[in-house]
Amino acid sequence: MTKLFQAIQQAASLLAEGKIVAIPTETVYGLGGCARTPAAIQKIYEIKDRPATNPLIIHLSNMAAIEAWAVDIPEVAWKLAERFWPGPLTLVLKRRPEVLESVTAGQPTVALRVPNHPVTLALLKTFGEGIAAPSANRHGRISPTTAEHVREELGSKVGYILDGGPCQVGIESTIVYVVDSEIHLLRQGSITQQAIEACLECRLPAAPHHASSLKIGTLEIEVPGQSLSHYAPQRPLFLYGYQTLLEKIQQSLAENRPVAVLSFAPLPDFLRAGQSHEMIHWIQANTRAEIYARELYAHLRSLDALNPNAIFVETPPFNSEWLALQDRLYRASQKG
Ligand code: TXA
Ligand code: MG
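Note that the sequence shown ends on residue 336 in our numbering; no numbers are left out.
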């Protein structure tokens, strides 16, 4: 038996006992528990210190399994599932009545996704049930994209971490609400609004921008990651265009305050001079959105770990493939 096979077996046994296991996905690591076991769900909320009003995503091994959790599944939902699963897409569908209230936080809907990670897909098959899993960070903090990050975030609170290597997507899944004839993008992700529109051959309403809830008819639904100050490092984070970024750095240096920077440019020569480079920790970000996303949370963690006065991030471009990153950085920049 290989080590990985053993690890998957062990994780499945722990889940069957109602225990909590951190699981790798292609987006970020999740804090998983059996979606049918109330005690496991309660533990997830406790470990994360997450408000009970914030529902969880249930992870499934295959598309057909959604019928065990959702009813009145629209054709559109099957189309999206067919096109994007396994992958970084979560569908919010009308829930079956027997789905635990604690998983859905009392909402009439349930969030489902088939993740694209070989280790977790193998775990889901072995376990044979849905795994409810929020991102494996403390509430409001940066999602973990490696097993090591999970350890740093939650330490001994999580008994078992299934290590599946670094996450390839790096930011949380795109969430789409599909109930009756309503289709709404609730959270931006690496699957863009355009990609969803192309798949469905229709236009979606503009995604809620920095809003905390969405009104659909008489129904008011919560928008994920809504609490401002979400995905946030410990140190204050500021988003600036490049010129302002340079000015703010100089201002900080003049006041003897160390700064951490994430910029698309290399450290400029004039900032290498004298003592100033000792006061600056500069990371040059990748200019491709896909790679930027994969590396973003690890970069923010390493900048944060230096305990600078502030983290300055250069604003990414405003086009569709950067929208999800704009959203995460904007929320990271908001104070709690
Ligand atoms: O990529 C991801 O989605 C990761 C990995 C682990 O799968 N999970 C993740 O979970 O980001 P979490 O709990 O950190 O974010 C899920 C969001 C929450 O903000 C929650 O409000 C929203 O999904 N959500 C869950 N169920 C919902 C529902 N029934 N209606 C609306 N939003 C829902
Ligand atoms: Mg989260």
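Note that the Cβ used here is the ideal one computed from N, Cα and C, for glycine as well.
Check: residue i C-beta below 7 Å from any heavy atom of the ligand MG
i: SER135; result: yes
i: GLU172; result: yes
i: SER143; result: yes
Three-state secondary structure assigned by DSSP to residue i
i: ILE66; result: helix
i: CYS34; result: strand
i: ILE47; result: helix
i: THR109; result: strand
i: LEU89; result: strand
i: ILE280; result: strand
i: TYR231; result: coil
i: ARG141; result: strand
i: CYS199; result: helix
i: VAL103; result: helix
i: LEU267; result: coil
i: THR126; result: helix
Residue closest to residue i, alpha-carbon to alpha-carbon, out of the options
i: ALA337; options: SER156, PRO166, GLU290 and TYR240; result: It is not possible to answer for residue 337, since the shown part of the chain is limited to 1 through 336.
i: ALA77; options: GLN251, GLU197, GLU98 and HIS139; result: GLU197
i: ALA298; options: ARG83, GLU153 and PHE127; result: GLU153
i: ALA111; options: TRP69, ARG151 and GLY128; result: TRP69
i: SER173; options: ILE47, ILE57, GLN251 and ILE311; result: ILE57
i: THR315; options: ARG294, THR287, LEU162 and SER302; result: THR287
i: SER190; options: ILE171, ASP180 and LEU200; result: ILE171
i: ALA11; options: SER252, LEU186 and VAL158; result: VAL158
Beta bridge counterpart(s) of residue i as assigned by DSSP
i: LEU60; result: For LEU60, which the question treats as bridged, DSSP gives no partner whatsoever.
i: LYS94; result: THR109
i: ALA22; result: LEU31 and ILE161
i: ALA310; result: VAL259
i: GLU182; result: VAL179
i: ALA132; result: GLY33 and ILE58
i: TYR240; result: GLU314
i: ARG187; result: ILE175
Cβ-heavy atom distance, residue i to the ligand TXA, below 7 Å
i: ILE175; result: yes
i: ALA111; result: yes
i: THR192; result: no
i: ILE44; result: no
i: VAL28; result: yes
i: HIS184; result: no
i: PRO97; result: no
i: GLN107; result: yes
i: ILE57; result: yes
i: VAL158; result: no
Contact check, residue i vs residue j, beta carbons under 8 Å
i: ASP340; j: HIS149; result: The shown model of the chain, from 1 to 336, leaves out residue 340, and the question about it has no answer.
i: ASN309; j: PRO233; result: no
i: ALA22; j: ALA136; result: yes
i: LEU303; j: LEU262; result: yes
i: ALA52; j: ALA133; result: no
i: ASP72; j: LYS94; result: yes
i: LEU325; j: LEU300; result: no
i: VAL313; j: PRO144; result: no
Min CB distance residue i to chain D below 8 Å
i: TRP282; result: In the structure shown, chain D cannot be found, because there is only a single protein chain.
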